[in-house]
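Visitor: This is the structure, below, for whatever I ask next.
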Amino acid sequence: MNIVLFGPPGAGKGTQADNLVKDFNLIKISSGDLLREEIKKKSPLGDKIKLTVDSGSLVSDEIINNLIEITLIDKNYFDRIIFDGFPRNLPQAKTLDGFMTKYKQKISCVISLKVNENVIVKRILGRQVCSKCGLIFNEFFNPSTKENHKCDLNFLLKRPDDNEKTIKNRLAIYQKETLSIFNYYKSQNLLFEIDGMKNIAEIYKKICQIINPIEA
Ligand code: AMP
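Residue 11 in the working numbering sits at position 11 of the sequence shown; the count goes up by one each step and never skips.
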């Protein structure tokens, strides 16, 4: 089973992907995380990616498609991927279809999280990522506690692109480039829509209701 989590930045895709990884035999591929790993290497490619990511624009299809392909050919990922943040435009969706055919897999479902813009902004501004374990928290909606997080609070960081200026660009790009994927998957009967305004547990319950019959 391969799943695409779809929705605007701040919709909660990463958080729900982490929930799924805990309960199902699935692995998350986050395109944003792959790019941030490249940035950490401080290579010429990483420096180029950083400029784009910090501005809130999309990196080139060539760069992200390569990173995705390198990751998904790992046998460990076979037919158990949650795509978070990829695809983000129609050419990427078509490239992903090509990868699925090439590596004898398929997309089982696309789960779309629908969230209002004012909530998105608050979710992004409150987002904290643990630099040690990678888990995602939110200082307003889902703070790190002793119960949900083992690492020291000092590991919690804000992403450099989670600021008001960049959010506007990211949302504009979502409207202009990413939303077209919605109809692409809808026409293939792969799309499931969920109210992403609900709390994390309620959204997760809905996601499981979609995934359980597919997995069975
Ligand atoms: P995310 O972690 O999904 O919020 O992505 C952070 C940033 O990484 C985005 O604002 C883009 O600059 C870049 N990015 C992530 N995924 C993609 C993608 N599929 N295509 C192009 N750029 C991406």
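By construction, the Cβ of each residue, glycine as well, lies at the ideal position given by its N, Cα and C atoms. As the structure is a computational prediction, the values presented were derived from the model and not from experiment.
(1) Taking C-alpha atoms, which residue in Leu157, Asp74, Pro87 and Lys104 lies nearest to Leu135?
(2) Report whether the distance from the Cβ of Asn161 to the nearest heavy atom of the ligand AMP is below 8 Å.
(3) What does a CB cutoff of less than 8 Å around Ile203 pick up in its chain, not counting 5 residues either side in sequence?
(4) What first and last residue would you give for the beta strand (DSSP E) that runs through Arg127?
(5) Alpha carbon to alpha carbon, how far is Ser57 from Asn169?
(6) Could you check where the beta strand (DSSP E) with Asn138 kicks off and where it finishes?
(7) Taking buried to mean at least 16 other C-beta atoms within 10 Å of its own C-beta, is Glu215 buried or exposed?
(8) Pick from Lys102, Glu164 and Asn19: whose alpha carbon is nearest that of Ile211?
(9) Any chance the segment 74–88 sits against the segment 42–55, with 3 or more Cβ pairs inside 8 Å?
(10) Have a look at Tyr10 and Lys132 and give me their C-alpha separation to the nearest angstrom.
(11) Thinking just about the alpha-carbon of each residue, which of Gln175, Leu153 and Ile111 is nearest to the one in Lys206?
(12) Determine the direct distance from the alpha carbon of Glu139 to that of Arg123, and round the result to whole angstroms.
(13) Could you name each continuous alpha helix (DSSP H) segment of 4 residues or more that falls completely within the segment 72–153, going from the start of the chain to the end?
(14) Given this structure, state the Cα-to-Cα distance separating Asn66 from Tyr77, to the nearest angstrom.
(15) With 16 other CB atoms within 10 Å as the buried threshold, where does Asn25 fall?
(16) Answer yes or no: do Phe83 and Ser31 have a C-beta to C-beta separation smaller than 9 Å?
(17) Which partner residues does Ser57 have in the DSSP bridge list?
(18) When DSSP builds the beta bridges, which residues end up paired with Glu193?
Guide: Per the coordinate set shown:
(1) For this step, residue 135 is matched to residue 135 along the sequence shown. Among Leu157, Asp74, Pro87 and Lys104, the Cα nearest to that of Leu135 is on Leu157.
(2) Mapped onto the sequence shown, residue 161 falls at position 161. Strictly speaking, residue 161 in this sequence is Asp, with Asn absent from that position. True, at least one ligand heavy atom lies under 8 Å from that Cβ.
(3) Here residue 203 refers to the residue found at position 203 of the sequence shown. Here the set comprises Gly12, Gln16, Leu113, Ile194, Asp195 and Gly196.
(4) On the sequence shown, position 127 is the one that residue 127 refers to. That run of the beta strand (DSSP E) goes Arg127 to Cys130.
(5) Within the sequence shown, numbered from 1, the residue matching residue 57 stands at position 57. Within the sequence shown, numbered from 1, the residue matching residue 169 stands at position 169. Their Cα atoms are separated by approximately 7 Å.
(6) In the sequence shown, the residue the question calls residue 138 occupies position 138. From DSSP, the beta strand (DSSP E) with Asn138 extends over Ile136 to Asn138.
(7) Counted from its first residue, the sequence shown places residue 215 at position 215. Flag for Glu215 reads exposed.
(8) Indexing the sequence shown from 1 puts residue 211 at position 211. It is Asn19.
(9) No, the segment 74–88 does not touch the segment 42–55.
(10) Numbered from its first residue, the sequence shown carries residue 10 at position 10. Numbered from its first residue, the sequence shown carries residue 132 at position 132. Here residue 10 is Gly; the residue named in the question, Tyr, does not match the sequence. So the alpha carbons of these two residues sit roughly 21 Å apart.
(11) Along the sequence shown, read from residue 1 onward, the residue named residue 206 stands at position 206. Nearest of Gln175, Leu153 and Ile111 to Lys206, Cα basis: Ile111.
(12) In the sequence shown, the residue the question calls residue 123 occupies position 123. In the sequence shown, the residue the question calls residue 139 occupies position 139. If I take the Cα positions, the gap works out to 9 Å.
(13) 90–102 and 117–126
(14) Walking along the sequence shown from the start, residue 66 turns up at place 66. Walking along the sequence shown from the start, residue 77 turns up at place 77. Taking C-alpha positions only, Asn66 is separated from Tyr77 by approximately 16 Å.
(15) Here the question's residue 25 lines up with position 25 in the sequence shown. Per the 10 Å Cβ criterion, exposed.
(16) Residue numbering aside, residue 83 sits at position 83 when the sequence shown is read from its first letter. Residue numbering aside, residue 31 sits at position 31 when the sequence shown is read from its first letter. Ser31 sits close to Phe83, with the two beta carbons spaced by under 9 Å.
(17) Translated into the one-based positions of the sequence shown, residue 57 becomes position 57. Ser57 pairs with nothing; no bridge assigned.
(18) Taking the sequence shown and counting its residues from 1, one reaches residue 193 at position 193. In the DSSP output, where bridge partners are listed per residue, Glu193 has Ser112.
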